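Numbering-wise, the sequence shown is residues 45 to 454 according to my numbering. Every residue gets a Cβ at the ideal spot worked out from N, C-alpha and C, and that includes glycine. These numbers come from a predicted model, not from an experiment. Following: one structure in structure tokens, then a few remarks.
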Amino acid sequence: MARREETEQETEAPPPAQQPPATLGVGMVGYAFMGAAHSQGWRTAGHVFDLPMRPALAAICGRDRAAVETAAARHGWAAAETDWRALIARDDVQLVDICTPGNSHAEIAIAALEAGKHVLCEKPLANSVAEAEAMADAAERAAARGQVAIVGFNYRKVPAITYARTLIADGRLGRLRHVRATYLQDWLVDPESPLTWRLEREHAGSGALGDLGAHIVDLAQYLAGELVVGVSAVTETFVRERPVLTGASAGLSGAADGTARGAVTVDDAALFTGRLASGALASFEATRMAAGRKNALRLEINGELGSIAFDLERLNELSFHDHTEPATSAGFRRILVTEPEHPYLEAWWPPGHALGYEHTFVHQARDVVRTIAGGTAPVPSFADGLQVQRVLAAVEESAAKNSVHTPVPF
């Protein structure tokens with residue numbers, strides 16, 4: 045009898061094998077600074093988070109064959125293309141990730157959506173409101189076919205920022221009164237820093253306003269849960285000519301021969317005030333000419349019941365003041381946002397083990413995959429990117445009209 049039981053156990057069918065997750069083939073256009081950051085996100089997300097689809101780095105695209113092949117090898121892409129149209133046409137690409145200068149966003153994104161692909165596009169969404177409107181319209185048509193279009197406001201993916209949004213949405217600050225946002229960098233302080241594409245309106249659309257201001261406008265609206273409805277602005281270009289770049293840019297800079305010079309056609313700094321839909325006041329400052337400030341993004345939001353403050357250079361921390369506590373013990377307290385209950389932290393390290401800038405792109409990739417697999421509404425959407433573009437356009441209009449208050453359409 046024992047021998048028979050043993051034989052029956054040996055012949056029992058094994059449990060069914062767990063099916064591997066479906067693959068999401070990613071094709072990326074652009075391979076420089078943002079291309080490297082996005083590559084890190086796609087390469088890492090599936091190894092950290094339990095995802096319903098596995099991102100596969102199918103192909104990367106750039107105009108310089110040697111450079112894009114080097115980038116493909118360095119960042120783990122299976123193939124390299126030199127024509128973005130060929131990348132969109134690939135059967136192994138289901139999502140197109142756009143990391144190019146703003147002047148090409150609209151053409152690539154609309155073509156990808158019309159070809160049935162999902163799209164992730166870097167910020168700002170476009171170089172003009174008209175382009176952003178066309179992209180948002182294409183995204184709306186694509187959504188009816190089950191496609192997703194997301195704009196890459198990666199700072200929303202900082203756990204402390206996401207947690208701050210939860211606190212505000214839960215009413216911990218009460219009615220909002222002030223939003224204060226600054227984004228300060230110093231990589232253009234040197235007047236001999238070369239004329240990269242970020243300093244040319246035809247490529248970048250605007251300067252510090254679109255490069256940095258887009259982030260803080262988006263964060264202000266995201267955290268407050270309401271829109272900026274009007275602005276009054278000044279902008280300035282402090283260095284109006286710079287050495288012409290020789291060869292390709294590297295990150296934010298590049299090499300110049302020191303003789304030929306070209307015109308800077310964008311702003312170096314933008315300063316503007318605004319009003320939110322609820323009546324709360326807002327102030328914004330974006331500059332790439334603040335000596336000593338490397339990537340200083342700071343936010344403070346004040347409400348009737350309390351305040352929240354955040355500093356990107358201490359991105360694992362959130363400062364929170366509960367004004368309902370007794371004055372004798374009340375004050376700002378430091379929240380270390382590294383607990384597994386905090387946003388995105390369930391898959392990372394033990395409490396107190398800090399994350400960094402690159403993790404925002406991992407979180408972005410995670411959210412894109414889950415949105416596609418779950419069939420949920422994309423956040424931040426192309427419509428969100430369009431609204432930010434309208435604020436940027438109102439800022440430029442106000443600055444051109446001696447800071448006159450300019451409504452933001454929505």
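Compute the Euclidean distance between the alpha carbons of Asn360 and Gly254, then round it to the nearest angstrom. 26 Å
Measuring only the C-alpha atoms, how far is Lys167 from Pro370? 43 Å
Could you please give me the residues that DSSP links to Asp141 through a beta bridge? Met72 and Leu164
Check this for me: beta carbons of Gln408 and Lys201, under 7 Å apart or not? yes
CB-CB under 6 Å to Ala456, same chain, minus the five flanking residues each way: which ones, in chain order? Here the chain comprises residues numbered 45 to 454, so residue 456 is not present and cannot be evaluated.
Which word fits Phe197, buried or exposed, when buried means at least 16 other C-beta atoms lie within 10 angstroms of its C-beta? buried
Apart from the five residues just before and just after Asp428, which ones in its own chain have a Cβ nearer than 6 Å to its Cβ? none
Close beta carbons around Val173, own chain, < 8 Å, minus the five adjacent residues each side: Leu430, Gln433, Arg434 and Ala437
Where Thr450 falls: helix, strand or coil (DSSP): strand
According to DSSP, is Ser148 part of a helix, a strand, or is it coil? helix
According to DSSP, which residues form a beta bridge with Arg305? Pro287
Mapping DSSP to helix, strand and coil, what is Arg185? helix
Taking 8 Å as the threshold, find out whether the segment 311–323 comes into contact with the segment 218–236 through three or more Cβ pairs. yes
Cβ neighbours of Glu52 in the same chain (closer than 8 Å, five flanking residues each side left out): Unreliable positioning characterises Glu52 in this predicted model, as indicated by a pLDDT of 39, which lies under 50. The coordinate reading is nonetheless provided below. Result list for Glu52: empty, nothing under 8 Å.
From Gly269 to Gln138, what distance separates their C-alpha atoms? 32 Å
Residue nearest to Ser83 in terms of C-alpha spacing, selected from Leu164, Arg358 and Trp241: Leu164
Distance between Leu362 and Arg378 (C-alpha atoms, nearest Å): 6 Å
So the alpha helix (DSSP H) Asp366 belongs to, where does it begin and stop? Looking at the DSSP string, Asp366 is not in any alpha helix (DSSP H); the run it does join, the beta strand (DSSP E), is Glu361 to Asp366.
Would you list the residues sitting across from Asn346 in a DSSP beta bridge? His222 and Ser351
Cβ atoms of Leu232 and Gly306: under 7 Å apart, would you say? no
Count the other C-beta atoms from every protein chain shown that fall within 10 angstroms of the C-beta of Trp393, then say buried if there are 16 or more, exposed otherwise. exposed
CB-CB length for Asp136 against Ala102, believed under 8 Å: 4 Å
Decide if Asn346 is buried, meaning its Cβ has at least 16 other Cβ atoms within 10 Å, or exposed. buried
Between which two residues does the alpha helix (DSSP H) carrying Leu243 extend? It is not in any alpha helix (DSSP H) - Leu243 carries neither H nor E in the DSSP assignment.
In terms of residues, what are the limits of the alpha helix (DSSP H) holding Ser83? Phe77 to Val92
Can you find the residues in the same chain that come closer than 7 Å, C-beta to C-beta, to Arg245, ignoring five residues on each side of it along the sequence? Thr309 and Val310
Hey, out of Leu389, Gly419 and Ala204, whose CA is closest to Ala89's CA? Leu389
For the beta strand (DSSP E) containing Val272, list its first residue and its last residue. Val272 to Glu280
Run of the alpha helix (DSSP H) containing Pro235, from where it starts to where it stops: Where Pro235 is concerned, there is no enclosing alpha helix (DSSP H), given that its DSSP letter is neither H nor E.
If I'm right that Val278 touches Ile152 with Cβ under 8 Å, what's the distance once you round it to whole angstroms? That belief does not hold up - the Cβ atoms of Val278 and Ile152 are roughly 33 Å apart, past 8 Å.
CA-CA distance, Pro424 and Ala264? 13 Å
Residue ranges of each alpha helix (DSSP H) run of no fewer than 4 residues wholly in the segment 410–441, ordered along the chain? none
Please report how far the alpha carbon of Val273 lies from the alpha carbon of Leu256, in whole angstroms. 19 Å
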